[in-house]
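Since the structure comes first, as structure tokens, the remarks are kept for the end.
Structure representation (structure tokens):
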């Protein structure tokens, strides 16, 4: 996940998915290429792995510059944003952080047809949007993953206002993106997420 360096189950899920596809490449349709990035917040993940220090969830979420990376992207960006009711730094400008710059370049290099982000914990699949509403393909993506994985569906996150999120930025450049919020913090919910992933891959077999 982009912001969830401390969400170890999301990282383990990504690593398990990589392992499964490497062992069984036939699971990936012939005309599809799958890219999986287990961690885009190495600073936060390093804090998670540091058992000698009692970091808070917020400290594990931010990068070494104290920036919430999932508020640093170019959709409705503002210098400050919110996360779970607290004010967080979104950096000095959109894409001010090296991690956000790296993902922007990766997207430019690979031109993905769709993106799925794994986080926890809400037991839902969320669609994405920016200034122009939800892309129709995003709803198709959300429904396919949620139905196969037995997750709830939420078209618009409205628990609190969000600016500069990566999924919204992808929507703004025409790439459908969904966020899968796992039900728990400790399980990778493998069967559900593998089914969801397979359903998404089947969307792009034509």
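Numbering (our numbering), first residue to last: 786 to 991.
Ideal Cβ placement from N, Cα and C applies to all residues, glycine included.
Quick caveat, the model's predicted, so the values are computed rather than measured.
Taking every protein chain shown into account, the CB of residue 834 has fewer than 16 other CB atoms within 10 angstroms, so this residue is exposed. Excluding its 5 nearest sequence neighbours in each direction, residue 884 has C-beta neighbours in its own chain below 7 Å: 825, 826, 848, 854, listed in chain order. Taking one beta carbon from each stretch, the stretch 925-940 and the stretch 828-844 have fewer than 3 pairs nearer than 8 Å; the two do not touch.
A direct Cα-to-Cα measurement between residue 899 and residue 959 gives close to 9 Å. Close CB contacts of residue 908 within its chain, under the 8 Å cut and outside five residues either way in sequence, are with 936, 937, 966, 967, 968 (chain order). Following the DSSP letters along the chain, one finds residue 845 inside the alpha helix (DSSP H) bounded by residues 842-846. The beta carbon of residue 953 sits closer than 6 Å to those of 860, 913, 915, all from its chain and outside the five residues before and after it, given in chain order.
Separation of the CB atoms of residue 971 and residue 857 is rounded to 28 Å, and the pair is thereby denied contact status at 8 Å. Taking a contact to require three or more Cβ pairs closer than 8 Å, the stretch 859-878 and the stretch 939-949 qualify as touching. Residue 974 has its alpha-carbon roughly 15 Å from the corresponding atom of residue 901. Setting aside the 5 residues that flank it on each side, residue 926 is surrounded in the same chain by 899, 961, 963, each with a C-beta closer than 6 Å to its C-beta; the list follows chain order. Around the beta carbon of residue 817, fewer than 16 other beta carbons sit within 10 angstroms, so the residue counts as exposed.
Rounded to whole angstroms, the gap between the alpha carbons of residue 808 and residue 872 is 43 Å.
Here residue 941 is exposed. Its C-beta has fewer than 16 other C-beta atoms within 10 Å. Residue 904 sits in a strand when the DSSP states are folded into three classes. The C-beta distance from residue 799 to residue 814 rounds to 20 Å, too long to fall under 8 Å, and the pair is not in contact. Only residues of its own chain outside the window of five on either side were considered, and among them 880 have a CB closer than 6 Å to the CB of residue 886, listed in chain order. Residue 836 is positioned such that its CB atom lies no closer than 9 Å to that of residue 852.
Spanning the alpha carbons of residue 844 and residue 870 requires a straight line of approximately 15 Å. Between residue 944 and the set 811, 911, 840, 989, the nearest pair of CA atoms involves 911. A straight line joining the alpha-carbon of residue 897 with that of residue 802 spans about 18 Å.
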